[in-house]
Amino acid sequence: MDQVLAKALKRRLELENELAKLDQFIEMYRDLEGTNREAVDTGGNSQSQDRPSEVARVGSESAIPIRPRGRPADFVRIMEGVLKDAGRPLNRAAMVAEIEVRGINIPSQDKPRYVGTILWRARHKFVHIAEYGYWLKYTALPEVGYDPKSYGPWLADATNISIDRKDQPNLPSIQEDD
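Residues 263 to 440 (the numbering used here) are what the sequence shown spells out, left to right.
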């Protein structure tokens, strides 16, 4: 009977190690894809599964720390909503503050940099208006003199736009330093 138990315990340990390796693979794959949630098929039932932990374990003694990651596509949608709600351009620090007011965690130690990187990568949706901050690329903002129609096809490639304040000297400056 001792041999049967020993074999069962050995097999259980092998399976635990294999599961740990699979968990590590899943975590690394999610990190590469920029996701932290994934639909899992459990025999016909699809459910959402959170990351099991912040550390992927391989075997019982080694651990590989994993940094928490957000989904950039989710942050793009969040930032669109923040700008629509604010009704004015925001700099990175103000964007961080508005996101955090909504109770959303920004997975970075340098939050303004993280937000700025996502805004830059999503330049098909956002534009930086000099002296004002980030705004929705295809939404006019008359109070600062921004009209996307006036830029024509050039706007699609633009990431930064300067508004000539000489033509409109009474425009308010609605942004702090970026």
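Backbone N, C-alpha and C define an ideal beta-carbon position, used for all residues, glycine too.
Buried versus exposed, by CB contacts within 10 Å (16 or more), residue i
| i | result |
| --- | --- |
| W382 | exposed |
| L294 | exposed |
| M290 | exposed |
| V266 | exposed |
Residue i - containing beta strand (DSSP E), residue span
| i | result |
| --- | --- |
| W397 | 395–398 |
| V206 | The structure shown has nothing for residue 206, since the chain only spans 263 to 440. |
Euclidean distance between Cα positions of residue i and residue j
| i | j | result |
| --- | --- | --- |
| K354 | Y376 | Inspection of the sequence shows that residue 354 is occupied by Arg rather than by Lys. So the alpha carbons of these two residues sit roughly 9 Å apart. |
| G395 | Y408 | 12 Å |
| A359 | D336 | 17 Å |
| I436 | G349 | Annotation note: pLDDT 47 at I436 (below 50); position unreliable, no value reported. |
| L417 | L275 | 59 Å |
| A356 | Q286 | 36 Å |
| V406 | R333 | 31 Å |
| S424 | H386 | 17 Å |
| P374 | I380 | 10 Å |
| A268 | E280 | 18 Å |
| A282 | A270 | 18 Å |
Identity of the residue in the options nearest residue i by Cα
| i | options | result |
| --- | --- | --- |
| F388 | P374, P351, G365, I368 | P351 |
| Y400 | K283, Q265, G414 | G414 |
| E393 | R292, N422, M290 | N422 |
Neighbourhood of residue i by C-beta distance below 7 Å, restricted to the same chain and skipping five residues each side
| i | result |
| --- | --- |
| D303 | With a pLDDT of only 43 at D303, under 50, the local geometry of the prediction cannot be trusted, and the value read off the model is given with reservation. So the list is empty, once near-sequence residues are dropped. |
For residue i, the first and last residue of its enclosing alpha helix (DSSP H)
| i | result |
| --- | --- |
| L417 | Neither: L417 is in no alpha helix (DSSP H) and is coded neither H nor E. |
| T379 | 373–383 |
| L283 | Reading off the sequence shown, one finds Lys at residue 283, where the question assumed Leu. Per DSSP, K283 belongs to the alpha helix (DSSP H) from 264–295. |
| K411 | That residue, K411, is in no alpha helix (DSSP H); it is neither H nor E in DSSP. |
Test: residue i CB closer than 8 Å to a CB of chain D
| i | result |
| --- | --- |
| M357 | Among the chains in the structure shown there is no chain D, since it carries only a single protein chain. |
Contact set for residue i: own chain, Cβ-Cβ below 8 Å, skip 5 residues either direction
| i | result |
| --- | --- |
| R364 | I340, V344 |
Same chain, Cβ closer than 6 Å to residue i, five either side skipped, listed in chain order
| i | result |
| --- | --- |
| H390 | Y396, N422 |
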